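*Asks:*
Protein chains: 2
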Amino acid sequence: MHELLESSQVVINTLIQSLLHDYKYDASQIKTDAESLEHWGKDWTKHFAPAASAIVFPKSTEQVQSIVLLANEHNIVLTPSGGRTGLSAGAVAANGEIVVSMDKMNHIGQFYPADRMVEVEAGVITQQLQQFADSKDLYYPVDFASAGSSQIGGNIGTNAGGIKVIRYGMTRQWIMGLTVVTGKGDILHLNRGMVKNATGYDLRQLFIGSEGTLGLVTHAQIKLERQPQDLNVMVLGMDSFNDVMNVLAAFQAKIDLTAFEFFDGVAIDKLMAHGQVQEPFESRTKFYTLLEFETPYEPIMDKAMAIFEDCMEQGWVVDGVMSQNITQAGELWKLREYISETISVFTPYKNDVSVLISHVPEFIEQIDHIVSSKYPDFEVCWFGHIGDGNLHLNILKPENMSKDDFFAECQIVNKYVFETVQKYGGSVSAEHGMGMTKKPYLHYSRSETEIDYLREVKKVFDPNNIMNRGKIFDIK
Amino acid sequence: MHELLESSQVVINTLIQSLLHDYKYDASQIKTDAESLEHWGKDWTKHFAPAASAIVFPKSTEQVQSIVLLANEHNIVLTPSGGRTGLSAGAVAANGEIVVSMDKMNHIGQFYPADRMVEVEAGVITQQLQQFADSKDLYYPVDFASAGSSQIGGNIGTNAGGIKVIRYGMTRQWIMGLTVVTGKGDILHLNRGMVKNATGYDLRQLFIGSEGTLGLVTHAQIKLERQPQDLNVMVLGMDSFNDVMNVLAAFQAKIDLTAFEFFDGVAIDKLMAHGQVQEPFESRTKFYTLLEFETPYEPIMDKAMAIFEDCMEQGWVVDGVMSQNITQAGELWKLREYISETISVFTPYKNDVSVLISHVPEFIEQIDHIVSSKYPDFEVCWFGHIGDGNLHLNILKPENMSKDDFFAECQIVNKYVFETVQKYGGSVSAEHGMGMTKKPYLHYSRSETEIDYLREVKKVFDPNNIMNRGKIFDIK
Numbered sequence: 001m002h003e004l005l006e007s008s009q010v011v012i013n014t015l016i017q018s019l020l021h022d023y024k025y026d027a028s029q030i031k032t033d034a035e036s037l038e039h040w041g042k043d044w045t046k047h048f049a050p051a052a053s054a055i056v057f058p059k060s061t062e063q064v065q066s067i068v069l070l071a072n073e074h075n076i077v078l079t080p081s082g083g084r085t086g087l088s089a090g091a092v093a094a095n096g097e098i099v100v101s102m103d104k105m106n107h108i109g110q111f112y113p114a115d116r117m118v119e120v121e122a123g124v125i126t127q128q129l130q131q132f133a134d135s136k137d138l139y140y141p142v143d144f145a146s147a148g149s150s151q152i153g154g155n156i157g158t159n160a161g162g163i164k165v166i167r168y169g170m171t172r173q174w175i176m177g178l179t180v181v182t183g184k185g186d187i188l189h190l191n192r193g194m195v196k197n198a199t200g201y202d203l204r205q206l207f208i209g210s211e212g213t214l215g216l217v218t219h220a221q222i223k224l225e226r227q228p229q230d231l232n233v234m235v236l237g238m239d240s241f242n243d244v245m246n247v248l249a250a251f252q253a254k255i256d257l258t259a260f261e262f263f264d265g266v267a268i269d270k271l272m273a274h275g276q277v278q279e280p281f282e283s284r285t286k287f288y289t290l291l292e293f294e295t296p297y298e299p300i301m302d303k304a305m306a307i308f309e310d311c312m313e314q315g316w317v318v319d320g321v322m323s324q325n326i327t328q329a330g331e332l333w334k335l336r337e338y339i340s341e342t343i344s345v346f347t348p349y350k351n352d353v354s355v356l357i358s359h360v361p362e363f364i365e366q367i368d369h370i371v372s373s374k375y376p377d378f379e380v381c382w383f384g385h386i387g388d389g390n391l392h393l394n395i396l397k398p399e400n401m402s403k404d405d406f407f408a409e410c411q412i413v414n415k416y417v418f419e420t421v422q423k424y425g426g427s428v429s430a431e432h433g434m435g436m437t438k439k440p441y442l443h444y445s446r447s448e449t450e451i452d453y454l455r456e457v458k459k460v461f462d463p464n465n466i467m468n469r470g471k472i473f474d475i476k
Numbered sequence: 001m002h003e004l005l006e007s008s009q010v011v012i013n014t015l016i017q018s019l020l021h022d023y024k025y026d027a028s029q030i031k032t033d034a035e036s037l038e039h040w041g042k043d044w045t046k047h048f049a050p051a052a053s054a055i056v057f058p059k060s061t062e063q064v065q066s067i068v069l070l071a072n073e074h075n076i077v078l079t080p081s082g083g084r085t086g087l088s089a090g091a092v093a094a095n096g097e098i099v100v101s102m103d104k105m106n107h108i109g110q111f112y113p114a115d116r117m118v119e120v121e122a123g124v125i126t127q128q129l130q131q132f133a134d135s136k137d138l139y140y141p142v143d144f145a146s147a148g149s150s151q152i153g154g155n156i157g158t159n160a161g162g163i164k165v166i167r168y169g170m171t172r173q174w175i176m177g178l179t180v181v182t183g184k185g186d187i188l189h190l191n192r193g194m195v196k197n198a199t200g201y202d203l204r205q206l207f208i209g210s211e212g213t214l215g216l217v218t219h220a221q222i223k224l225e226r227q228p229q230d231l232n233v234m235v236l237g238m239d240s241f242n243d244v245m246n247v248l249a250a251f252q253a254k255i256d257l258t259a260f261e262f263f264d265g266v267a268i269d270k271l272m273a274h275g276q277v278q279e280p281f282e283s284r285t286k287f288y289t290l291l292e293f294e295t296p297y298e299p300i301m302d303k304a305m306a307i308f309e310d311c312m313e314q315g316w317v318v319d320g321v322m323s324q325n326i327t328q329a330g331e332l333w334k335l336r337e338y339i340s341e342t343i344s345v346f347t348p349y350k351n352d353v354s355v356l357i358s359h360v361p362e363f364i365e366q367i368d369h370i371v372s373s374k375y376p377d378f379e380v381c382w383f384g385h386i387g388d389g390n391l392h393l394n395i396l397k398p399e400n401m402s403k404d405d406f407f408a409e410c411q412i413v414n415k416y417v418f419e420t421v422q423k424y425g426g427s428v429s430a431e432h433g434m435g436m437t438k439k440p441y442l443h444y445s446r447s448e449t450e451i452d453y454l455r456e457v458k459k460v461f462d463p464n465n466i467m468n469r470g471k472i473f474d475i476k
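Protein chains in written order, with full-length UniProt numbering: chain C, 1 to 476; chain W, 1 to 476.
Written as structure tokens, this is what we have:
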């Protein structure tokens with residue numbers, strides 16, 4: 001064992017020397033100190049101990065290519081690393097991998113005003129792109145809690161979603177072109193920014209959501225959108241989940257929603273106990289939704305009020321509040337945004353699942369039933385993006401239970417949760433990716449035949465399995 | 001040669017007998033008469049003579065699977081066939097293929113109101129889906145000239161675009177799930193209708209735009225949209241192409257356009273000579289654009305008028321007209337819609353190319369220069385979807401030139417056109433697909449390395465190359 005490790009250390013050293021002497025890497029682009037190996041070896045998950053062999057920081061597509069070619073030659077596994085905000089251990093190097101960090105490829109390139117498009121390097125921070133768009137009086141609509149740290153390359157790797165998907169779609173919808181280095185070491189320029197391009201299979205789409213298992217994304221061409229105008233926020237309280245669905249249908253039929261978020265009474269309880277946010281209205285209800293929409297024209301406000309009143313009359317909505325200005329809109333958003341942080345003290349076990357919107361009410365009911373009957377001591381907190389059928393299920397740790405015992409129990413709950421996901425033809429990972437934490441559950445969402453096709457597709461781009469080995473699925 | 005044909009006829013007969021006796025096909029599902037072979041053996045292109053061996057009409061995914069398994073067993077090539085409205089010979093059976101027509105799989109299935117989604121069989125006509133959406137007070141936004149005949153399966157195979165892409169995107173954006181039979185004969189249910197699903201490579205995206213070369217699509221889950229409200233149309237005349245771009249930018253900054261179409265003075269000349277459409281306004285200009293946008297609120301109209309007036313003041317727009325009601329809007333659309341039919345008497349040689357919107361003015365100028373300097377007798381008519389960078393280049397046949405001579409000359413022009421496309425990193429087929437007519441030009445848009453990856457991806461799904469062999473690219 002010790003000898004094996006030593007010999008692999010020799011290989012790593014040979015590879016590093018080659019980067020320095022043959023491929024124009026300078027010393028600052030390679031780190032092997034313990035602190036760096038720990039820092040760049042993990043993401044936001046804590047289930048796997050990082051054990052990277054080295055961290056490299058390429059500055060160009062060619063430098064990325066050189067490390068891929070060397071990794072093939074020496075049979076070293078590479079783990080691509082962005083902002084390390086992943087929630088499925090997709091960017092964790094737990095098995096002696098070399099981490100390829102995109103931190104030094106963080107430049108925003110050419111802007112094409114007529115195309116509303118900008119070229120960025122993969123290491124650009126999501127928020128940096130949002131701010132660039134803003135400076136051009138445009139908008140990059142993919143937004144989520146970790147946007148201040150996550151990188152575009154990582155967003156592409158997981159096809160990141162977030163809070164504006166109901167209107168603007170996932171990351172996929174904004175990626176007009178990609179430059180990638182495949183696992184074989186080829187540089188491909190995919191789609192090159194075009195809206196329409198019917199010249200054979202759209203390989204760009206394969207790389208989106210591939211979690212670094214096919215190759216590394218080095219550049220992306222990203223579409224921007226006009227800025228939203230006069231965003232208005234409503235928070236409504238309901239006592240049955242069917243009413244949540246009725247409200248969604250009523251608004252969606254007449255107003256273009258930019259968000260339709262959901263959280264339950266448990267979330268509100270914890271938020272109020274925490275004391276950072278104001279109670280939205282006097283009555284406390286079982287379910288809450290946050291709606292957002294543009295109101296550039298006065299009649300939209302009137303229309304929204306009319307729908308709201310109708311929902312009250314129908315008995316669907318118990319109470320509600322609407323923002324009167326941008327500050328109030330921001331305050332209302334906190335109700336949704338602060339949930340994750342607030343419940344983090346309860347060491348929540350998180351699942352990120354998705355089913356058809358039509359199946360959401362039944363699905364929630366069945367999961368609630370499973371957890372409350374099998375685990376009466378566990379408290380469940382639901383929130384998520386109902387408008388997309390995406391639910392975040394958070395099981396909260398009872399105070400008197402050890403973390404390890406709790407996690408072990410939750411792994412057992414997982415089986416029941418994912419069986420229910422499977423029953424409804426749903427997804428065991430809606431927007432967090434599979435990485436290592438969800439890998440054992442892939443078969444609940446993809447058939448064995450389909451997984452075999454995934455393996456074969458990977459072989460086309462990465463025949464030696466050097467790209468993020470052991471993520472999403474294992475090669476047989 | 002004769003013997004070979006005879007022996008292959010024996011194989012075809014064996015296969016047909018197996019369908020009838022082992023796989024529950026009835027006699028009406030198989031046609032081998034000369035008229036049927038001619039009818040279902042071709043699409044709207046006329047460059048290749050149809051030479052199908054048989055036409056089969058499966059009624060279920062399982063029946064599709066049976067023909068694929070038999071085709072593998074007997075090494076028979078299958079050509080999937082939809083509405084046969086293709087413009088690149090993607091659905092032409094020119095080499096003894098068995099045509100798999102989806103005509104009998106034309107049912108609209110389950111509708112999911114909360115998801116605004118409907119399941120359809122691949123043989124459903126595009127217009128049939130549009131009408132279904134309308135009956136549910138919803139909208140299927142992919143629309144183009146052949147929507148009354150084309151089938152959803154074919155739309156998916158070419159990732160069809162059309163006249164509303166600037167607002168609603170391509171067919172890809174509306175496909176939430178696919179059931180496919182791969183070239184190996186496996187049935188896969190891809191994505192199953194979910195908005196968010198981060199469980200490995202999105203194989204659905206590979207099948208969209210694959211022109212039947214990976215397998216056959218049998219069912220699709222299709223997203224619908226709310227209906228557009230109070231559509232308004234403007235037609236504007238300009239004398240320089242830069243002004244067209246200025247007008248696009250001016251409107252797009254403030255109004256959500258549902259269309260921004262373009263045609264040139266040559267198109268107007270031909271339209272007026274043909275006499276079916278009214279002159280939009282007195283002055284004749286070099287370029288025309290048709291803008292469409294929703295006006296559910298009065299202030300949008302005021303805004304549009306203000307932008308129009310500003311464009312006049314800037315000297316970008318020479319003259320313009322706006323629809324006052326839905327009938328007038330329809331009349332103005334005819335200016336764009338009738339072009340294809342009107343110029344068809346000039347036996348146009350059509351190219352369907354795309355470049356970044358930012359490159360469109362230079363691109364048009366260079367192509368005009370090439371054609372006018374090298375082929376002074378050729379008249380060029382441009383129209384297309386400027387808002388997407390998609391241009392239809394039509395070279396009109398001089399009266400005194402034979403059709404064969406003209407086509408031969410146009411093939412020579414192609415080289416210059418596609419070299420210019422390549423120079424701007426554009427697409428040799430924006431929305432028509434590659435099929436057989438564009439296959440020789442694939443390398444102008446995809447690198448040789450990339451084409452090798454396309455070949456390898458095909459092998460994963462169709463190792464025996466029985467699916468639409470010879471389309472898009474050849475297997476080495």
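Using N, Cα and C, we set each Cβ at its ideal position, and we do this for glycine too.
The structure displayed is predicted, hence computed values, not measured ones.
Since C/Asn351 meets chain W, which of its residues come closer than 7 Å, beta carbon to beta carbon?
*Replies:* The premise fails here: C/Asn351 is roughly 13 Å from chain W at the closest Cβ pair, so nothing lies under 7 Å.
*Asks:* Does the beta-carbon of C/Asn75 have 16 or more other beta-carbons within 10 angstroms, so that it is buried, or is it exposed?
*Replies:* exposed
*Asks:* What does the alpha-carbon distance come out to for the pair W/Gly433 and C/Leu178?
*Replies:* 21 Å
*Asks:* Can we say the segment 12–25 of chain W touches the segment 46–58 of chain W, given the rule of at least three CB pairs closer than 8 Å?
*Replies:* yes
*Asks:* Would you give the residue range spanned by the beta strand (DSSP E) that C/Thr182 belongs to?
*Replies:* 175–182
*Asks:* Hey, which unbroken runs of the alpha helix (DSSP H) at 4 residues or more fall wholly within the segment 292–329 of chain C?
*Replies:* 298–313
*Asks:* Taking 8 Å as the threshold (beta carbon to beta carbon), is C/Ala430 in contact with chain W?
*Replies:* yes
*Asks:* Quick check on the DSSP output: what are the complete alpha helix (DSSP H) runs of length 4 or more inside the segment 386–412 of chain C, in order along the chain?
*Replies:* none
*Asks:* Closest to C/Met234 by C-alpha separation, out of C/Glu331, C/Ala160, C/Pro296, would be which residue?
*Replies:* C/Glu331
*Asks:* Suppose contacts are defined by Cβ-Cβ distances below 8 Å. Is W/Tyr453 in contact with C/Gly209 by that definition?
*Replies:* no
*Asks:* Mind checking C/Gly109: buried by the 16 CB within 10 Å criterion, or exposed?
*Replies:* exposed
*Asks:* My guess is that W/Gly41 and W/Ala93 are in contact by the Cβ rule of under 8 Å, so how many angstroms apart are they, rounded?
*Replies:* 5 Å
*Asks:* Just tell me which of W/Ala408, W/Phe406, W/His443 has its CA closest to the CA of W/Glu419.
*Replies:* Nearest of W/Ala408, W/Phe406, W/His443 to W/Glu419, Cα basis: W/His443.
*Asks:* Hey, out of C/Phe363, C/Glu211, C/Arg446, whose CA is closest to C/Gly154's CA?
*Replies:* C/Glu211
*Asks:* Quick one: is W/Val460 near chain C, going by C-beta distance under 8 Å?
*Replies:* yes
*Asks:* What is the DSSP secondary structure of C/Arg336, reduced to helix, strand or coil?
*Replies:* helix
*Asks:* Nearest chain W C-beta to C/Phe473 closer than 8 Å, yes or no?
*Replies:* yes
*Asks:* To the nearest whole angstrom, what separates the beta carbons of C/Ile475 and C/Asn464, a pair I think is in contact under 8 Å?
*Replies:* Actually they are not in contact, since the Cβ atoms of C/Ile475 and C/Asn464 sit about 10 Å apart, beyond 8 Å.
*Asks:* When burial is assigned at 16 or more other CB atoms within 10 Å of the CB, is residue 478 of chain C buried or exposed?
*Replies:* Residue 478 of chain C lies beyond the residue range present for chain C, which begins at 1 and ends at 476; the question has no answer from this structure.
*Asks:* Of all the beta strand (DSSP E) runs that stay within the bounds of the segment 65–97 of chain C, which reach a length of 3 or more residues?
*Replies:* 78–81
*Asks:* By how many angstroms is the C-alpha of W/Pro361 removed from the C-alpha of W/Phe287?
*Replies:* 12 Å
*Asks:* Under 6 Å Cβ to Cβ from W/Ser101, same chain only, skipping five residues before and after it: list those, please.
*Replies:* Trp40, Ile55, Phe57, Ser81
*Asks:* When we look at the beta-carbon of C/Gly315 and count the other beta-carbons within 10 Å, is it buried (16 or more) or exposed?
*Replies:* exposed
*Asks:* Chain W partners of C/Leu158, CB-CB under 7 Å?
*Replies:* Residue 158 of chain C is actually Thr in this sequence, not Leu. Near C/Thr158 (Cβ distances below 7 Å), the residues of chain W are Ala198.
*Asks:* I'd like to know whether the C-beta of C/Asp230 is nearer than 8 Å to at least one C-beta of chain W.
*Replies:* no
*Asks:* W/Asn246 by DSSP, collapsed to three states: which one?
*Replies:* helix
*Asks:* Taking contact to mean at least 3 C-beta pairs separated by less than 8 Å, is the segment 229–248 of chain C in contact with the segment 173–191 of chain C?
*Replies:* Not touching, per the Cβ criterion.
*Asks:* Could you have a look at C/Lys279 and say whether DSSP puts it in helix, strand or coil?
*Replies:* Contrary to the premise, residue 279 of chain C reads as Glu rather than Lys in this sequence. Collapsing the DSSP output to three states places C/Glu279 in coil.
*Asks:* Below 7 Å between beta carbons is the criterion; list the residues of the segment 182–197 of chain C that meet it against any residue of chain W, in chain order.
*Replies:* Asp186, Leu188, Arg192, Gly193, Met194, Val195, Lys196, Asn197
*Asks:* Where C/His392 and C/Val353 are concerned, what is the direct C-alpha to C-alpha distance, given to the nearest angstrom?
*Replies:* Taking the CA atoms as reference points, C/His392 sits about 6 Å from C/Val353.
*Asks:* Rounded to whole angstroms, what's the CA-CA distance from W/Met272 to W/Tyr297? Just pull it up for me.
*Replies:* 35 Å
*Asks:* Quick test of your reading: C/Tyr441 and C/Asn414, contact by CB under 8 Å. State the CB separation rounded to the nearest angstrom.
*Replies:* 7 Å
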